[in-house]
Amino acid sequence: MVDIITLKHYKKENWLQQLANVITEPKKLLKILELDNNHAINKYIKQKNLFPCRVPLSFVNRMKKNTITDPLLLQVLINKKELINTPGYSKDPLKEQNNKIPNVLHKYKNRALLLLKNSCAINCRYCFRRYFPYQKNPGNKDNWKIALQYIYSHSEINEIIFSGGDPLMAKDHELAWIIKKIENIPHIKKLRIHTRFPVVIPDRITNQLCQLLGKTKLNILLVTHINHFQEVNDEVFEAMSKLKKVGVTLLNQSVLLKGINDNLDVLIKLSDCLFDLGILPYYLHLLDKVQGTAHFFVKENVAIKLIHELSLHVSGYMIPKLVKYN
Numbered sequence: 002m003v004d005i006i007t008l009k010h011y012k013k014e015n016w017l018q019q020l021a022n023v024i025t026e027p028k029k030l031l032k033i034l035e036l037d038n039n040h041a042i043n044k045y046i047k048q049k050n051l052f053p054c055r056v057p058l059s060f061v062n063r064m065k066k067n068t069i070t071d072p073l074l075l076q077v078l079i080n081k082k083e084l085i086n087t088p089g090y091s092k093d094p095l096k097e098q099n100n101k102i103p104n105v106l107h108k109y110k111n112r113a114l115l116l117l118k119n120s121c122a123i124n125c126r127y128c129f130r131r132y133f134p135y136q137k138n139p140g141n142k143d144n145w146k147i148a149l150q151y152i153y154s155h156s157e158i159n160e161i162i163f164s165g166g167d168p169l170m171a172k173d174h175e176l177a178w179i180i181k182k183i184e185n186i187p188h189i190k191k192l193r194i195h196t197r198f199p200v201v202i203p204d205r206i207t208n209q210l211c212q213l214l215g216k217t218k219l220n221i222l223l224v225t226h227i228n229h230f231q232e233v234n235d236e237v238f239e240a241m242s243k244l245k246k247v248g249v250t251l252l253n254q255s256v257l258l259k260g261i262n263d264n265l266d267v268l269i270k271l272s273d274c275l276f277d278l279g280i281l282p283y284y285l286h287l288l289d290k291v292q293g294t295a296h297f298f299v300k301e302n303v304a305i306k307l308i309h310e311l312s313l314h315v316s317g318y319m320i321p322k323l324v325k326y327n
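Numbering (our numbering), first residue to last: 2 to 327.
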């Protein structure tokens, strides 16, 4: 079993207060981590025109101080390499930005993504939607109603995927409203929620939310996004336990990131940690080639080798599927 550690205590607040108090200044982040030397500040802070910095204190609490290569820090710290325009990388690698129906991405016959909200609790530097035109897809009830009309008229859809942004940016009463509407669409059987909240702000998994997910007639799956075992602490364990108790199926998707989780030891510990949480490893994504993220890229042959090596150390149900989107 992987040890679960907490490095620093912080004032306990509800999830909305924690959301309001996220760190948005790289300089402040480095100072908390005792990385306030001039070299680090000059190297990482000048890129204010880039995808904004946004990190909850709960997540910072799990970073190691005095460690510029901390795997959690590297996921969120602005890097001047993001200014490099690498051939083969674009602002829309998955061809999502010309969606015809606001807030809906219908790529596959039986399932549709509903972009419930436009922002996240945390801004990951490798985010494939960092350039998505959210201003054209505002997350509000007016657009949700249009999206629901589209879903209702397409009986081939049997699964809705809440995405975003992070769909759990929606408050519990908003989620209750839209889930009730989805329950009334006869051909929808499954609701999948893709979220980073149980990891970055575990207190988002409120009793009210658990009650809502537990009582719906829909089959609920929640897909977390954990890239490194260090992201998990006691609070994450508690959040996952609450979800399991109400019958939510828990899966995880990770992104293979250079210098963060692209080694066998980390992947073994991550799979063990996920299983201890009651989460099945689902996907290990190769990096989506969005502009400014090439420094995270791991070659496909390296990824295939890692998955093969992982299969020699853990059981088959603990091995994620390697995923590449063209």
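For each residue, glycine too, the CB sits at the ideal point set by N, CA and C.
Since this is a predicted model, take the numbers as computed values, not measurements.
*Between which two residues does the alpha helix (DSSP H) harbouring S164 extend?*
Position 163 of the sequence shown, counted from the start, is the residue given in the question as residue 164. Unbroken run through S164 is the beta strand (DSSP E), 160 to 164; no alpha helix (DSSP H).
*Could you give the distance in angstroms between the alpha-carbon of Y153 and the alpha-carbon of K118?*
As a position in the sequence shown, residue 153 is number 152, starting the count at 1. As a position in the sequence shown, residue 118 is number 117, starting the count at 1. For Y153 and K118, the distance between alpha carbons rounds to 20 angstroms.
*asked:* Going by the DSSP bridge assignment, what does I221 pair with across the sheet?
replied: Sequence index remark: in the sequence shown, residue 221 carries index 220 (1-based). Looking at the DSSP assignment, I221 forms a beta bridge with L192.
*The beta strand (DSSP E) spanning L254 covers which residue range?*
The residue labelled residue 254 in the question sits at position 253 within the sequence shown. Reading the sequence as shown, one finds Gln at residue 254 and not Leu. 250 to 256 is the extent of the beta strand (DSSP E) around Q254.
_Nearest to L34 (by Cα), restricted to the options H296, S156, L75_ = In the sequence shown, counting from the first residue as 1, residue 34 sits at position 33. Closest by alpha carbon: L75.
*Of all the options L288, I162, S272, L287, which has the alpha carbon lying nearest to the alpha carbon of L281?*
Sequence index remark: in the sequence shown, residue 281 carries index 280 (1-based). The option with the nearest alpha carbon to L281 is S272.
*Would you report the Cα separation of N302 and W178, rounded to the nearest angstrom?*
Counting from 1 along the sequence shown, the entry for residue 302 is found at position 301. Counting from 1 along the sequence shown, the entry for residue 178 is found at position 177. Rounded to the nearest angstrom, the two C-alpha atoms are 45 angstroms apart.
*Nonlocal neighbours in the same chain, by C-beta distance under 8 angstroms from K218, ignoring five residues either side*: Position 217 of the sequence shown, counted from the first residue, corresponds to residue 218. So the list reads E184, once near-sequence residues are dropped.
*Considering only C-alpha positions, which residue in the set Q254, L95, R112 is nearest to L149?*
Position 148 of the sequence shown holds residue 149. In terms of Cα proximity to L149, the closest of Q254, L95, R112 is R112.
*Which whole-angstrom value describes the C-beta separation of P57 and Q19, a residue pair presumed to lie in contact below a C-beta threshold of 8 angstroms?*
Reading the sequence shown from its first residue, position 56 is the one you call residue 57. Reading the sequence shown from its first residue, position 18 is the one you call residue 19. Going by Cβ atoms, the distance from P57 to Q19 rounds to 6 angstroms, so yes, they are a contact pair.
_Just to confirm before moving on: does the CB-CB distance between L78 and P27 stay below 8 angstroms?_
Residue numbering aside, residue 78 sits at position 77 when the sequence shown is read from its first letter. Residue numbering aside, residue 27 sits at position 26 when the sequence shown is read from its first letter. It is a contact, given that the beta carbons lie within the stated cut-off.
*Below 8 angstroms on the Cβ atoms is my guess for L244 versus C211; work out the distance and round it to an integer in Å.*
Position 243 of the sequence shown, counted from the first residue, corresponds to residue 244. Position 210 of the sequence shown, counted from the first residue, corresponds to residue 211. At roughly 7 angstroms, the Cβ-Cβ gap stays under 8 angstroms, so L244 and C211 are in contact.
_Between the alpha carbons of N100 and L116, how many angstroms are there, rounded?_
The residue you call residue 100 lines up with position 99 of the sequence shown. The residue you call residue 116 lines up with position 115 of the sequence shown. The straight-line gap from Cα to Cα measures roughly 11 angstroms.
*Measure how close the beta-carbons of I189 and I161 come, nearest whole angstrom, since I'm counting them as under 8 angstroms.*
The residue you call residue 189 lines up with position 188 of the sequence shown. The residue you call residue 161 lines up with position 160 of the sequence shown. With a contact defined as Cβ atoms closer than 8 angstroms, I189 and I161 qualify at about 6 angstroms.
*Any alpha helix (DSSP H) of 4 or more consecutive residues that is wholly inside the region 223 to 308*: Assignment of alpha helix (DSSP H) within the region 223 to 308, counting only whole runs of 4 or more residues, yields 235 to 246, 265 to 277 in chain order.
*Look at the alpha carbon of G166 and the alpha carbon of Y135, and state the distance between them as a whole number of angstroms.*
The sequence position of residue 166 within the sequence shown is 165, counting from 1. The sequence position of residue 135 within the sequence shown is 134, counting from 1. Rounded to the nearest angstrom, the two C-alpha atoms are 9 angstroms apart.
*Do Y326 and D289 come within 8 angstroms of each other at the CB atom, strictly closer than that value?*
As a first step, residue 289 is located in the sequence shown; it is residue number 288 there, counting from the start. As a first step, residue 326 is located in the sequence shown; it is residue number 325 there, counting from the start. Inclusion of D289 and Y326 in the CB contact set at 8 angstroms is warranted, their separation being smaller than that value.
*Does the beta-carbon of A21 have 16 or more other beta-carbons within 10 angstroms, so that it is buried, or is it exposed?*
In the sequence shown, counting from the first residue as 1, residue 21 sits at position 20. Exposed, because fewer than 16 other Cβ atoms sit within 10 Å of the Cβ of A21.
*By Cβ distance below 7 angstroms, which residues in the same chain neighbour I102 in space, the five residues on each side in sequence not counted?*
If you number the sequence shown from 1, residue 102 lands on position 101. Excluding positions up to five away in sequence, the list reads I147, A148, Y151.
*Proximity below 8 angstroms, CB of K92 to CB of V291*: Position 91 of the sequence shown, counting from 1, holds the residue named residue 92. Position 290 of the sequence shown, counting from 1, holds the residue named residue 291. In this structure, V291 lies closer than 8 angstroms to K92 by Cβ.
*So what's H155 in DSSP terms, helix, strand or just coil?*
Reading the sequence shown from its first residue, position 154 is the one you call residue 155. DSSP, reduced to helix, strand and coil, places H155 outside both helices and strands of the structure shown, so it counts as coil.
_What does DSSP give as the partner residue(s) for V324 in the beta ladder?_
Locating residue 324 in the sequence shown gives position 323, where the first residue counts as 1. According to DSSP, which records beta bridges pairwise, V324 is partnered with H286.
_Assuming contact is defined by CB atoms lying nearer than 8 angstroms, are V324 and L287 in contact in what I supplied?_
Reading the sequence shown from its first residue, position 323 is the one you call residue 324. Reading the sequence shown from its first residue, position 286 is the one you call residue 287. Inclusion of V324 and L287 in the CB contact set at 8 angstroms is warranted, their separation being smaller than that value.
*Is the beta carbon of L176 less than 8 angstroms from the beta carbon of L223?*
Here residue 176 refers to the residue found at position 175 of the sequence shown. Here residue 223 refers to the residue found at position 222 of the sequence shown. The Cβ atoms of L176 and L223 lie no closer than 8 angstroms to each other.
*Compute the distance between the beta-carbons of I261 and N228, then report whether it is under 8 angstroms.*
For this step, residue 261 is matched to residue 260 along the sequence shown. For this step, residue 228 is matched to residue 227 along the sequence shown. With respect to N228, I261 sits close: the two C-beta atoms are nearer than 8 angstroms.
_Between Y127 and F297, how many whole angstroms is the CB-CB distance? I'm expecting something under 8 angstroms._
The residue you call residue 127 lines up with position 126 of the sequence shown. The residue you call residue 297 lines up with position 296 of the sequence shown. The distance from the Cβ of Y127 to that of F297 is about 5 angstroms, consistent with a contact at the 8 angstroms cut-off.
*To the nearest whole angstrom, what separates the beta carbons of L192 and I180, a pair I think is in contact under 8 angstroms?*
Numbered from 1 along the sequence shown, position 191 holds the residue referred to as residue 192. Numbered from 1 along the sequence shown, position 179 holds the residue referred to as residue 180. Indeed they touch by this definition, with Cβ atoms about 7 angstroms apart.
*Could you check how far apart the C-beta atoms of T25 and R55 are, in whole angstroms? I think they sit under 8 angstroms.*
Position 24 of the sequence shown, counted from the start, is the residue given in the question as residue 25. Position 54 of the sequence shown, counted from the start, is the residue given in the question as residue 55. About 6 angstroms separates the CB atoms of T25 and R55; that is less than 8 angstroms, so the two are in contact.
*asked:* Considering only their Cβ atoms, is the gap separating L258 from L307 smaller than 8 angstroms?
replied: Position 306 of the sequence shown, counted from the first residue, corresponds to residue 307. Position 257 of the sequence shown, counted from the first residue, corresponds to residue 258. Cβ atoms of L307 and L258: not closer than 8 angstroms.
*For L251, which of M319, H107, D204 has the nearest alpha-carbon?*
Residue numbering aside, residue 251 sits at position 250 when the sequence shown is read from its first letter. With distances taken between Cα atoms, L251 lies closest to M319.
_Taking 8 angstroms as the threshold (C-beta atoms), are T207 and D235 in contact?_
Counted from its first residue, the sequence shown places residue 235 at position 234. Counted from its first residue, the sequence shown places residue 207 at position 206. At a Cβ-Cβ threshold of 8 angstroms, D235 and T207 do not count as neighbours.
*Between the C-alpha atoms of L30 and V61, what's the straight-line distance to the nearest angstrom?*
Looking up residue 30 in the sequence shown gives position 29. Looking up residue 61 in the sequence shown gives position 60. In a straight line, the C-alpha of L30 is about 8 angstroms away from that of V61.
*To which residues of the same chain is A240 closer than 6 angstroms at the C-beta, ignoring the five residues directly before and after it?*
What you label residue 240 is simply residue 239 of the sequence shown in a count that begins at 1. Residues of the same chain with a CB within less than 6 angstroms of the CB of A240, apart from the 5 flanking positions on each side, are P199, P203, I206 in chain order.
*Nearest-angstrom Cα distance between F238 and E232?*
Taking the first residue of the sequence shown as 1, we reach residue 238 at position 237. Taking the first residue of the sequence shown as 1, we reach residue 232 at position 231. Rounded to the nearest whole angstrom, the C-alpha separation of F238 and E232 is 11 angstroms.
*Just tell me which of G279, K270, C274 has its CA closest to the CA of V249.*
Reading the sequence shown from its first residue, position 248 is the one you call residue 249. Minimum Cα-Cα distance from V249 among the listed residues G279, K270, C274 corresponds to G279.
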